[in-house]
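S.K.: Right, I'll just put the structure down here and ask away after.
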Amino acid sequence: MTPLSDELDALEKSIRQLHTEWEKFFGGIERKPPNDLETRVKNHIKKFAYGDIRNPTDRFRYQTLTARYNTFAELWNKRLRAIEEGKPFGVHGLKADILPPLASRDALEALRETIKPAPTAAPGPEVRIRAPEAESEAVKTLYERFVAERQRAGESGAVKFDSFQKLIAQQASRIISEKGARAVDFRFETKDGKVSLKARPVK
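If you read the sequence shown in our numbering, its first letter stands for residue 147, the second for the next number, and so on.
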């Protein structure tokens, strides 16, 4: 009989793989959604849904993995509905996302280049993001701080919230997938009059 800890290791690996496959689909790399893999993940989760997990550590880990999958699933369903309704997502022949005017485009591109995972925690207020498209208030808080920091630093060029939100969603999804994190902490740094955004994976 396979130990429960090994089963949970396999479940975590499957959820991570499923997240990667969904990102490939939404990014236009794969033409079909990973429905077969998602069915296997659901069955794996259901396998322990009504069981009595006596070990507190295993029980907490199972609940955490289940919550992570449910958060991802909600996000994937929202993005699928947007595709079905013909809303712009920039994949599979749909209309590409419209960026703000040139000044805003430049500001966003500059910000995109600065978003890199920080190896350790750093001082300063952080905003934790788990599922950007499902946590609009957290992303809005991050956006308002970004705007305030840019104004304080004297940077020009406005950035629209919708474009900022999409950028954060892309970066958070990539970091969560690549680092196997459950969330991402974002914070700002200002150096030489330029505001940069740092991301720290949360395991």
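C-beta: ideal position from N, C-alpha, C; glycine also.
Taking 8 Å as the limit between beta carbons, can you name the residues of its chain near Val-187, skipping five residues before and five after?
M.R.: Leu-157, Ser-160, Ile-161, Leu-164, Tyr-215
S.K.: Is the CB-CB distance between Tyr-196 and Leu-154 below 8 Å?
M.R.: no
S.K.: Which of the three DSSP states, helix, strand or coil, is assigned to Gly-239?
M.R.: Low per-residue confidence applies at Gly-239: pLDDT is 36, beneath 50, and the placement is therefore not dependable, though the value from the model is reported in the following sentence. DSSP places Gly-239 in coil when its eight states are reduced to three.
S.K.: Using a 10 Å radius around the Cβ and a threshold of 16 neighbouring Cβ atoms, would you call Gln-297 buried or exposed?
M.R.: exposed
S.K.: Report back the beta-carbon spacing between Ala-299 and Lys-340 to the nearest angstrom; my notes put them in contact at under 8 Å.
M.R.: That pair is a contact at about 7 Å.
S.K.: With which residues is Ile-275 paired in a DSSP beta bridge?
M.R.: Val-330
S.K.: Quick one, are the C-beta atoms of Val-330 and Ala-315 less than 8 Å apart?
M.R.: With a cutoff of 8 Å on beta-carbon distance, Val-330 and Ala-315 are scored as not near each other.
S.K.: Return the residue from the list Phe-334, Lys-349, Ala-304, Lys-312 that minimises the CA-CA distance to Ile-322.
M.R.: Lys-349
S.K.: Strictly by DSSP, which residues pair up with Ser-160?
M.R.: Paired residue(s): none; Ser-160 is not in a bridge.
S.K.: With H, G and I counted as helix, E and B as strand and the rest as coil, what does DSSP make of Arg-346?
M.R.: strand
S.K.: Candidates Lys-306, Arg-274, Asp-308: which alpha carbon is nearest Arg-346's?
M.R.: Arg-274
S.K.: Please return the same chain residues whose Cβ sits closer than 7 Å to the Cβ of Phe-194, not counting the five positions on each side in sequence.
M.R.: Closer than 7 Å at Cβ, skipping near neighbours: Tyr-208.
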